[in-house]
Amino acid sequence: MNTLPLLLYAAAGVAYAIHFARRDSAVGRAATTLLLFGALVHTFVIGMQTMEVRHLPFANFSRAVSSFVWLLTLSYLYLELTTDERSMGVFILPVIIGLQLIPVLHPGVERADPVLDSPWFWVHVSSLLFAYASFALAGVLGVTYMLQFKEIKKKHLGYFYTRLPSLQILDIMNSRAVTVGLVFLTFGVIVGVVWTAQARTIAPDDPNLRAMSIYDPKIFVALLTWGVYSFAVFARRTLGWTGRRAAWLSSLGFAFAMVNFLAINYFVTTSHTFY
Amino acid sequence: MHLFLLGVSHRTAPVDLRERLDFSSRDLTAAAGAIAAKPSMSEAVVLSTCNRSELYVATTDPACAREELVSFISEYHHVSAPTFQPHLFALENSAAVAHLFRVAAGLDSLVVGEPQILGQVKDAYQTSASNRCVGPVLSNVFRWSFGVGKRVRTETALGEGAVSVSYAAVALARKIFGRLTGRRVLVVGAGEISSLTAQHLRAHGVGEIVITSRTHAHADELATVVGGLAVPWDAMTNALGAADIVITATGSQRPIISRAQLEAAQGHRRGSALFIIDIAVPRDVDPSVGEIEQVFLYNIDDLQATVRENLARRASYVGALMAWTPRRIDASVPVRIVETEDGSRRGFGRAWGGVASDFEVVRLEGGHTRLILDHGDEVAAALRRWLGGAFEAAPNEKTET
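What follows is the structure, given as structure tokens:
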């Protein structure tokens, strides 16, 4: 069911790449249209799964990834349509396509667990997925900022210089994405703590709930990620860490977030392993 | 009726000859009027810039028109015909239309892709039009060329990349700051390039322009020109802390802005970017300033290098654009059917890159119109697409009346 969105995303990715290389606005519009269609079909897929399990589908890892891709696509489309700036597409689409491969290759089954059947849990996961989507955008903006910064600083005004928006715009968009992401990350973590406390009273013997502490790898890396982004926001305000430093921090933060979201879910059994 | 073009350009004539054949410094209207009044010619547009003097006319007899134009040029400019005749180039009909398109698109300019030429073509046409020196042939061809020029400008990369030092500086500033609205500029030392750059920046909406110079009168003078504020020389360090863009152009033999001085100023800037354009020789800004985070330092050589790169890039586009443009132009510019004074109807279609064509239009019974073409099927197909069923194209058929 996730294949059709993947194909549309892949087609959009190719179109964004051609648009970036040739700067052909007609191809650019085609890319946006393909991505919009992809998002629409993906919305339908998520909607079907939501009706099936009666909540957003993310208690299973690969469905969570699919939901994350969906949120990321919507966030990117929002960014593109509000700024009328398509050049980020070629950087964000590989992330979207790569992650969407996971639900296509490993569909997985949604776990129905009474412990997870709490609004707190769904708010917790949605907030974190949305925070990760914002961080993904910020990370990509950071990478493009550094690429262009290097060209201008070294006085080789080349490939990226002629294609990317100005440094100032990239920096402002990066700052906003980091702030939005941090707000949702903070909110998501707090909700998670509240939910754990509640769930423990309902299911005191659940091994996952018992294992939840700061020493759990997933929670530990989540807090590290929170630390990186909080420092990024703090440093921008007080130390004047804008521009390249901010870009670097947001790329680092995104690396942490992805380690947490993908690698730890895949290779390490933690208190957050629910399947 | 034929379209005929006779002229000199930077490709055919040296600058001293172009200067002697320049129409723009004299009364263009009178020149166009005098040409249009000649017996063999009915319409005339004089396009005269520092790189070209071109006479576009509608004539019944191109050979005769050529002779009359040569003698006209000779009389008008008091230059003997043998002096300039070897430098003249002449084009007819479709070739002349194709040339006009290239000129309007900036493909034939000395600085390829420069934007002024389209305005100059429009002005030349307007001058003739307001003097009633243009008729159906020239008005159609010229108005068509405006569209071509505009499309090449807006839809291709030909005009991209600054090709003068002052524009290169502005382009960089825009790449660093985005919109320049409200940005603060400091000009240190008044000179020609710093004045030009400040004016370009002003045109892009910068906020305050502060000017300082060792000779206060120079600063005052430039302040009046660009609408800025002149401040005393010793206020420079303060102004440095507040500026987003700094232009330095003093005659000083040693650097006037040191790294330490800027690092002190950067402390108050909270990480906002600073773009320094050092156009002085010898340099006014210590090169190590460029190592400071968020400081972008460009000297005159750096800017000239980007200008050279841009020029080379533009030149590399020309060949591709010549081949690429017909497809694109076709899609938007329909064939122009022109009713000429002698009662015949002529059309100009696809006048670009070798497939140019002009043709007779003959109205047939039953409201059909037959186009008599002297070119291949490709043109006919394009025409059929444009004109739909009401027209019937007959390629390679000779005139029938």
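Residue numbers (my numbering), protein chains in the order written: chain A, 49 to 323; chain B, 149 to 549.
We put the CB at the ideal spot given by N, CA and C, even for glycine.
None of the values given here were measured: they were computed from a predicted structure.
As assigned by DSSP and simplified to three states, the class of residue i
{"i": "ASP426/B", "result": "strand"}
{"i": "TYR64/A", "result": "helix"}
{"i": "ASN279/B", "result": "coil"}
{"i": "HIS366/B", "result": "helix"}
{"i": "VAL481/B", "result": "Annotation note: pLDDT 37 at VAL481/B (below 50); position unreliable, no value reported."}
{"i": "THR360/B", "result": "strand"}
{"i": "PHE109/A", "result": "helix"}
{"i": "MET189/B", "result": "strand"}
{"i": "ASN50/A", "result": "coil"}
{"i": "ALA421/B", "result": "coil"}
{"i": "VAL333/B", "result": "strand"}
{"i": "GLU441/B", "result": "coil"}
{"i": "GLY326/B", "result": "coil"}
{"i": "TYR57/A", "result": "helix"}
{"i": "THR207/B", "result": "strand"}
{"i": "LEU88/A", "result": "helix"}
Minimum C-alpha distance to residue i - residue among the options
{"i": "ALA277/B", "options": "SER196/B, GLY181/B, ARG322/B, SER201/B", "result": "GLY181/B"}
{"i": "LEU84/A", "options": "LEU119/A, SER110/A, VAL242/A", "result": "LEU119/A"}
{"i": "PHE315/A", "options": "LEU56/A, PHE109/A, MET49/A", "result": "PHE109/A"}
{"i": "ALA213/B", "options": "THR197/B, VAL227/B, SER196/B, GLU240/B", "result": "GLU240/B"}
{"i": "VAL173/B", "options": "ARG159/B, SER196/B, ASP164/B, ALA253/B", "result": "Contrary to the premise, residue 173/B reads as Ser rather than Val in this sequence. For SER173/B, the nearest C-alpha among the options comes from SER196/B."}
{"i": "PRO265/A", "options": "PRO142/A, LEU310/A, LEU287/A", "result": "LEU310/A"}
{"i": "SER166/A", "options": "LEU195/A, PHE68/A, VAL93/A, ILE250/A", "result": "ILE250/A"}
{"i": "PRO97/B", "options": "ILE395/B, SER314/B, ILE359/B", "result": "The requested residue 97/B is not part of the displayed model; chain B covers only 149 to 549."}
{"i": "ALA184/A", "options": "PHE304/A, HIS320/A, LEU54/A, TRP243/A", "result": "PHE304/A"}
{"i": "TYR446/B", "options": "ALA319/B, LEU377/B, SER257/B, LYS186/B", "result": "ALA319/B"}
{"i": "LEU127/A", "options": "LEU230/A, ALA294/A, ASN222/A", "result": "ASN222/A"}
{"i": "GLY389/B", "options": "PRO403/B, ALA413/B, SER293/B", "result": "ALA413/B"}
{"i": "VAL191/A", "options": "VAL89/A, GLY137/A, ALA247/A", "result": "GLY137/A"}
{"i": "LYS198/A", "options": "GLN97/A, ARG293/A, PHE302/A, ARG285/A", "result": "ARG293/A"}
{"i": "SER201/B", "options": "LEU169/B, PRO187/B, SER219/B", "result": "LEU169/B"}
{"i": "SER157/B", "options": "SER287/B, SER257/B, LEU422/B, HIS225/B", "result": "SER257/B"}
{"i": "ASP382/B", "options": "VAL373/B, GLY283/B, ILE404/B", "result": "ILE404/B"}
{"i": "ARG322/B", "options": "GLU262/B, ARG299/B, ASP392/B", "result": "ASP392/B"}
C-alpha gap between residue i and residue j, whole angstroms
{"i": "LEU297/A", "j": "VAL307/A", "result": "15 Å"}
{"i": "PHE178/A", "j": "PHE235/A", "result": "11 Å"}
{"i": "VAL466/B", "j": "GLY309/B", "result": "15 Å"}
{"i": "SER123/A", "j": "SER182/A", "result": "7 Å"}
{"i": "GLN233/B", "j": "ASP449/B", "result": "41 Å"}
{"i": "ASP254/A", "j": "VAL239/A", "result": "19 Å"}
{"i": "PRO230/B", "j": "ASN199/B", "result": "21 Å"}
{"i": "SER299/A", "j": "VAL188/A", "result": "7 Å"}
{"i": "PRO155/A", "j": "SER174/A", "result": "20 Å"}
{"i": "LEU248/B", "j": "ILE221/B", "result": "20 Å"}
{"i": "GLY76/A", "j": "LEU141/A", "result": "13 Å"}
{"i": "ASP522/B", "j": "PHE152/B", "result": "Per-residue confidence for ASP522/B stands at a pLDDT of 43, beneath the threshold of 50, marking its modelled position as unreliable; no derived number is given."}
{"i": "MET333/B", "j": "VAL281/A", "result": "As written in the sequence, residue 333/B is Val, which differs from the Met given in the question. Going by the C-alpha atoms only, they are around 29 Å apart."}
{"i": "THR130/A", "j": "ARG362/B", "result": "47 Å"}
{"i": "VAL228/A", "j": "LEU147/A", "result": "22 Å"}
{"i": "GLY155/B", "j": "VAL437/B", "result": "52 Å"}
{"i": "ILE94/A", "j": "GLY267/B", "result": "55 Å"}
{"i": "THR160/B", "j": "PHE237/B", "result": "7 Å"}
{"i": "ILE431/B", "j": "VAL296/B", "result": "Before going on, a small fix: residue 431/B reads as Arg here, not Ile. Approximately 44 Å, taken between the alpha carbons."}
{"i": "GLY307/B", "j": "ASN458/B", "result": "9 Å"}
{"i": "ILE145/A", "j": "ILE312/A", "result": "20 Å"}
{"i": "ALA65/A", "j": "VAL143/A", "result": "13 Å"}
{"i": "ILE23/A", "j": "ILE150/A", "result": "There is no way to answer for residue 23/A, as the model of chain A reaches only from 49 to 323."}
{"i": "PRO162/B", "j": "SER464/B", "result": "24 Å"}
{"i": "PHE325/B", "j": "TYR277/A", "result": "24 Å"}
{"i": "ASP209/B", "j": "HIS150/B", "result": "7 Å"}
{"i": "ALA78/A", "j": "ASP132/A", "result": "14 Å"}
{"i": "PHE169/A", "j": "ALA259/A", "result": "16 Å"}
Contacting positions in the segment 308-326 of chain B - beta carbon closer than 8 Å to chain A:
The residues in question are GLU308, GLY309, LEU320, ARG322, LYS323, ILE324, PHE325, GLY326.
Determine which residues of the segment 196-209 of chain A have a Cβ less than 7 Å from any Cβ of chain B, and write them out in chain order.
Against chain B - using a Cβ distance shorter than 7 Å - the residues of the segment 196-209 of chain A are ILE200, LYS201, LYS203, LEU205, TYR209.
Select from the segment 443-465 of chain B all residues with a C-beta closer than 8 Å to any C-beta belonging to chain A, and list them in chain order.
Against chain A - using a Cβ distance shorter than 8 Å - the residues of the segment 443-465 of chain B are PHE444, TYR446, ASP450, ALA453, THR454, GLU457.
Every unbroken alpha helix (DSSP H) inside the segment 137-185 of chain A [4 residues or more]
Correct list: 137-153.
Let me know the alpha helix (DSSP H) ranges lying completely inside the segment 173-252 of chain A, each 4 residues or longer, listed in chain order.
For the segment 173-252 of chain A, the continuous alpha helix (DSSP H) assignments of 4+ residues that do not extend past its boundaries occur at 215-250, in sequence order.
Quick one, which residues of the segment 214-238 of chain A are near chain B if we go by CB-CB under 7 Å, in chain order?
In summary, the residues of the segment 214-238 of chain A whose CB is separated from some CB of chain B by less than 7 Å are SER214, LEU215, GLN216, ILE217, in the order they occur in the chain.
With 8 Å as the limit, tell me which residues of the segment 262-293 of chain A have their beta carbon closer than that to any beta carbon of chain B; keep them in chain order.
Residues passing the 8 Å Cβ filter: ARG284, LEU287, GLY288, TRP289, THR290, GLY291, ARG292, ARG293.
Contacting positions in the segment 49-71 of chain A - beta carbon closer than 9 Å to chain B
Answer in chain order: ARG71.
Entirely within the segment 378-403 of chain B and at least 3 residues each: give me those beta strand (DSSP E) ranges in chain order.
Restricting attention to beta strand (DSSP E) runs no shorter than 3 residues, the segment 378-403 of chain B encloses them at 393-396, ordered along the chain.
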